[in-house]
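>
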Amino acid sequence: MSVIWIVIILSAIGLVSGILIFIVNKVLPREPESLKRAEQVAQYLPGYNCGACGYPGCFAYAQAAAEDKDIITKNPCATVLQDESMLSGIEEALGLEIDTSQMNKKAVVHCYGVTVPLGDYEGIKTCDAANSLVGGFKRCSYGCLGFGDCAVVCPQDAITIDEVRNVAVVDPDKCTGCGLCINQCSKGIIELVPADSNIVFRCSYESLKDIPGRERCDEGCLHCRKCFKACEHDAIIWNREKGIPEFDFSKCIMCGECIEACPHNRLIELKNVVPHKPALKK
Amino acid sequence: MNNLFSIFIAMAIVNNMVLAKFLGLCPFFGVSKKLSNAISMGIAVTFVMLLASVSTTVIYNYLLVPFHVEFMRIVLYILVIASLVQIVELTIRRTNIILYNALGIYLPLITTNCAVLGIALINSQESYNVLQSTISSLGAGVGFSLVLIIMSGIRETLDLGESPESMKGLPIAFITAALLAMAFMGFSGMV
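Sequences listed follow chains A and B, in order.
Per the working numbering, residue 13 is the first one in the first sequence, and the count goes up by one each step.
Per the working numbering, residue 734 is the first one in the second sequence, and the count goes up by one each step.
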């Protein structure tokens with residue numbers, strides 16, 4: 013007889029549970045439409061929760077994007093911009109077209125490395141710790157310290173440390189331009205530039221009291237302004253306070269004139285091109 | 734009254750779910766990395782334990798015992814607990830999306846938490862009535878949260894210190910848990 017009771021009790025409890033869930037589902041307020049859209053958007057987000065977009069995690073970003081579609085273009089997620097399938101998924105979920113031509117960025121390190129150390133550094137092996145002791149252990153106080161604080165935070169593993177030159181090197185193919193490394197760099201020598209730009213200024217040394225960069229670093233900027241004078245498109249702005257060139261990438265046409273003008277063969281670098289022989293000459 | 738108090742202490746400390754009965758180890762190791770997560774997980778588990786043991790005791794005492802089908806309790810309890818967690822999840826999702834996101838993956842984890850099933854089975858094994866099982870599940874939940882909070886405090890401190898490379902993360906956590914369990918053995922025989 014107990015078999016019958018088992019069947020009856022099991023089905024009864026199953027039925028009651030089902031009905032209970034049904035009732036709870038009916039009684040509770042519907043979830044807002046934006047939440048459903050946020051979930052659709054969140055499917056196409058990378059899920060790193062890195063916070064580089066300015067929101068505490070991918071779902072918070074998706075919620076913000078579901079309520080205000082402009083968020084996608086105002087605070088773009090760097091990983092999404094690199095991935096066609098993610099981007100098209102979000103476009104579909106939000107029903108808009110995203111123009112990515114101006115949005116792709118990559119990180120560059122404004123240092124070529126090689127500066128001589130002042131002595132042996134025996135402390136904690138992080139840039140932050142080394143920097144807090146009289147600004148590091150290198151002759152150039154602006155240069156990359158090479159402990160790779162930036163490499164640790166990079167979600168794409170795009171940053172490696174060049175052992176010979178002792179400098180962080182960004183792999184432009186892997187870098188999504190999220191900008192996490194910028195906040196991490198204690199020297200502040202990492203910058204985001206448009207992903208299609210090939211010109212990189214490899215020095216941060218500010219010209220103070222007429223000490224040229226060469227006294228500190230064999231590869232340092234001479235502050236001679238030849239690149240500034242060579243640029244016919246006003247794409248180089250001479251920073252008077254720091255005495256170093258700054259690029260306005262909206263005006264730069266990558267002609268390579270500045271590279272040719274630079275007397276120092278690595279100061280302004282064109283990716284994949286031998287310095288002094290720019291392939292993109294107009 | 735005295736009896737209820739001793740049930741509470743017995744479940745919370747002496748027969749602690751994690752350290753004495755070794756139930757619910759997956760959330761114990763999974764969620765004890767951060768104190769804030771540990772607290773919300775502890776509260777959530779205690780709540781579900783309370784709901785589950787009250788409903789399962791009612792089913793056991795008034796349905797299974799009269800019809801002599803006590804041996805079916807595991808299947809029934811799984812059914813009841815799974816639907817309870819569904820209801821709790823739905824309620825939190827519809828009423829407080831922020832809490833829902835904060836709990837995240839841990840909410841479904843409670844369904845598969847053997848500590849919840851464990852407390853329901855212990856209650857029926859001891860033939861507790863509804864009030865007694867409420868107190869015992871409350872004790873089990875408090876004990877679970879207590880251990881989770883102690884463990885997350887230790888692990889947060891461990892992260893700051895230097896442990897050997899091969900011991901970092903879970904290995905050192907397992908050793909810590911073993912030491913904690915040995916410490917809790919000191920309570921045995923108290924109640």
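Beta carbons are placed, not taken as given, at the ideal position from N, Cα and C, and that holds for glycine.
Thinking Val818/B and Ile843/B are a contact (beta carbons under 8 Å), I'd like their distance in whole angstroms, please.
Start at 1 with the first residue of the second sequence, and residue 818/B comes out as number 85. Start at 1 with the first residue of the second sequence, and residue 843/B comes out as number 110. With a Cβ gap of about 6 Å, Val818/B and Ile843/B count as contacting.
> Which residues in the same chain as Thr172/A place their Cβ atom closer than 6 Å to its Cβ, once the five residues preceding and following it in sequence are excluded?
By 1-based counting over the first sequence, the position of residue 172/A is 160. Excluding residues within five positions, the ones whose Cβ falls inside 6 Å are Val181.
> Please list, in chain order, all residues of the same chain as Ala242/A whose beta carbon is under 6 Å from its beta carbon, the five residues on each side excluded.
The sequence position of residue 242/A within the first sequence is 230, counting from 1. Closer than 6 Å at Cβ, skipping near neighbours: Glu269, Cys270, Ala273.
> List, in order along the chain, the chain A residues whose C-beta lies closer than 9 Å to that of Asn794/B?
As a first step, residue 794/B is located in the second sequence; it is residue number 61 there, counting from the start. Correct list: empty, because the minimum Cβ distance to chain A is about 13 Å.
> Going by DSSP, what residues sit across from Val181/A in a beta bridge?
In the first sequence, counting from the first residue as 1, residue 181/A sits at position 169. Beta-bridge partners assigned by DSSP to Val181/A: Thr172/A.
> Run through the DSSP bridge pairs and tell me what Val6/A is partnered with.
As displayed, chain A neither begins before 13 nor continues past 294, which places residue 6/A out of reach and without an answer.
> Along the stretch 779–806 of chain B, what residues have a CB closer than 8 Å to any CB found in chain A?
Ile792, Leu796, Leu797, Phe800, His801, Val802, Met805
> For Gly775/B, which residues in the same chain have their Cβ closer than 7 Å to its Cβ, ignoring the five residues on either side in sequence?
Position 42 of the second sequence, counted from the first residue, corresponds to residue 775/B. Cβ neighbours of Gly775/B beyond the five flanking positions: Phe877, Ser878, Leu881, Ile882.
> Which of the three DSSP states is assigned to Glu258/A in this structure?
Looking up residue 258/A in the first sequence gives position 246. DSSP places Glu258/A in strand when its eight states are reduced to three.
> From the DSSP output, in three-state form, read off Pro290/A for me.
The residue given as residue 290/A occupies position 278 in the first sequence. In this predicted model, Pro290/A has a pLDDT of only 35, less than 50, meaning its place in the structure is not dependable; the value taken from the coordinates is given anyway. When DSSP states are grouped into helix, strand and coil, Pro290/A belongs to the coil group.
> Is it right to say Lys117/A is buried, meaning 16 or more other beta carbons lie within 10 angstroms of its own, or is it exposed?
Here residue 117/A refers to the residue found at position 105 when the first sequence is read from its first residue. Per the 10 Å Cβ criterion, buried.
> Which value, in whole angstroms, describes the spacing of the CA atoms of Ile314/A and Val808/B?
The question about residue 314/A has no answer here: the residues shown for chain A are numbered 13 through 294.
> What's the call for Leu292/A, buried or exposed, on a 16-neighbour Cβ count within 10 Å?
Along the first sequence, one-based indexing puts residue 292/A at 280. Note that Leu292/A scores 39 on pLDDT, short of 50, meaning its location in the model is unreliable; the coordinates nonetheless yield the value given after this. In summary, Leu292/A is exposed, with fewer than 16 beta-carbon neighbours lying within 10 Å of its beta-carbon over all protein chains present.
> I need the straight-line Cα distance from Phe149/A to Gly107/A, nearest angstrom please.
Stepping through the first sequence from its first residue, residue 149/A is reached at position 137. Stepping through the first sequence from its first residue, residue 107/A is reached at position 95. C-alpha separation (whole angstroms): 53 Å.
> So, is the C-beta of Gly155/A closer than 8 Å to a C-beta in chain B?
Counting from 1 along the first sequence, the entry for residue 155/A is found at position 143. With 8 Å as the cut-off, Gly155/A does not count as an interface residue toward chain B.
> Please state whether the Cβ-Cβ distance between Ile18/A and Met805/B is less than 8 Å.
On the first sequence, residue 18/A is found 6 positions in, with the first residue counted as 1. On the second sequence, residue 805/B is found 72 positions in, with the first residue counted as 1. Against a cut-off of 8 Å, the Cβ pair of Met805/B and Ile18/A comes out as a contact.
> Expressed to the nearest angstrom, what Euclidean distance is found between the alpha-carbon atoms of Lys289/A and Glu281/A?
By 1-based counting over the first sequence, the position of residue 289/A is 277. By 1-based counting over the first sequence, the position of residue 281/A is 269. Only weak support is given to the placement of Lys289/A: the predicted model assigns it a pLDDT of 33, under 50, and the value that follows is read from those uncertain coordinates. Going by the C-alpha atoms only, they are around 11 Å apart.
> Considering only the beta carbon of each residue, do Leu756/B and Gly874/B sit closer than 8 Å?
If you number the second sequence from 1, residue 756/B lands on position 23. If you number the second sequence from 1, residue 874/B lands on position 141. Result no, Cβ atoms of Leu756/B and Gly874/B do not sit closer than 8 Å.
> Spatial neighbours of Gln75/A within its chain, please: CB distance less than 6 Å, with the 5 preceding and 5 following residues excluded, ordered by chain position.
Taking the first sequence and counting its residues from 1, the one referred to as residue 75/A is at position 63. For Gln75/A, where only same-chain residues beyond five positions count, the Cβ hits under 6 Å are Ala50.
> Ile820/B and Tyr833/B: beta carbons closer than 8 Å?
Along the second sequence, read from residue 1 onward, the residue named residue 820/B stands at position 87. Along the second sequence, read from residue 1 onward, the residue named residue 833/B stands at position 100. In this structure, Tyr833/B does not lie closer than 8 Å to Ile820/B by Cβ.
> Quick one: grab the DSSP three-state call for Lys901/B.
In the second sequence, the residue the question calls residue 901/B occupies position 168. If DSSP states are grouped into helix, strand and coil, Lys901/B belongs with coil.
> Give the single residue among Leu145/A, Tyr124/A, Thr127/A, Gly125/A whose Cα lies nearest to the Cα of Glu134/A.
Sequence index remark: in the first sequence, residue 134/A carries index 122 (1-based). For Glu134/A, the nearest C-alpha among the options comes from Leu145/A.
> Can you check whether the CB of Ser769/B is closer than 8 Å to the CB of Arg888/B?
Translated into the one-based positions of the second sequence, residue 888/B becomes position 155. Translated into the one-based positions of the second sequence, residue 769/B becomes position 36. Contact: no.
> So what's Leu823/B in DSSP terms, helix, strand or just coil?
The sequence position of residue 823/B within the second sequence is 90, counting from 1. Three-state result, Leu823/B: helix.
> Taking 7 Å as the limit between beta carbons, can you name the residues of its chain near Lys754/B, skipping five residues before and five after?
The residue given as residue 754/B occupies position 21 in the second sequence. So the list reads Asn748, Gly851, once near-sequence residues are dropped.
> Got a sec? Which residues, its chain only, sit under 6 Å from Cys229/A by beta carbon, not counting five neighbours each side?
As a working note, residue 229/A is residue 217 in the first sequence. Here the set comprises Thr127, Cys152.
> Verify the CB distance criterion: does Ile25/A have a CB-CB separation below 8 Å to chain B?
Translated into the one-based positions of the first sequence, residue 25/A becomes position 13. Closer than 8 Å to some Cβ of chain B, the Cβ of Ile25/A qualifies, so yes.
> Output the boundary residues of the alpha helix (DSSP H) element that contains Leu783/B.
Here residue 783/B corresponds to residue number 50 of the second sequence, with the count starting at 1. 768–792 is the span of the alpha helix (DSSP H), which, as asked, contains Leu783/B.
> Could you tell me whether the Cβ of Ile820/B comes closer than 8 Å to any Cβ of chain A?
As a first step, residue 820/B must be located in the second sequence, where it is residue number 87. Answer yes: the Cβ-Cβ gap between Ile820/B and chain A drops below 8 Å somewhere.
> For the stretch 858–870 of chain B against the stretch 780–798 of chain B, are there 3 or more C-beta pairs whose distance is under 8 Å?
yes
> Does the Cβ-Cβ distance between Cys70/A and Asn87/A come in under 8 Å?
As a working note, residue 70/A is residue 58 in the first sequence. As a working note, residue 87/A is residue 75 in the first sequence. No. Outside cutoff.
> What does the Cβ neighbour count give for Val176/A, buried or exposed, with the cut at 16 atoms within 10 Å?
Position 164 of the first sequence, counted from the start, is the residue given in the question as residue 176/A. The residue is exposed, with fewer than 16 neighbouring Cβ atoms inside 10 Å.
> Apply the 10 Å Cβ neighbour rule to His801/B and answer buried if 16 or more other Cβ atoms are within range, or exposed otherwise.
The residue labelled residue 801/B in the question sits at position 68 within the second sequence. Per the 10 Å Cβ criterion, exposed.
> Cutting at 6 Å between CB atoms, please list the residues of its own chain near Asn736/B, excluding the five before and the five after it.
Stepping through the second sequence from its first residue, residue 736/B is reached at position 3. Excluding residues within five positions, none has a Cβ falling inside 6 Å.
> Tell me, which residues are paired with Glu203/A by DSSP?
The residue given as residue 203/A occupies position 191 in the first sequence. Answer is Val120/A.
> Taking Asn61/A as the reference, which of Val165/A, Ala170/A, Ala119/A has the closest Cα?
The sequence position of residue 61/A within the first sequence is 49, counting from 1. Measuring from the Cα of Asn61/A, the nearest candidate turns out to be Val165/A.
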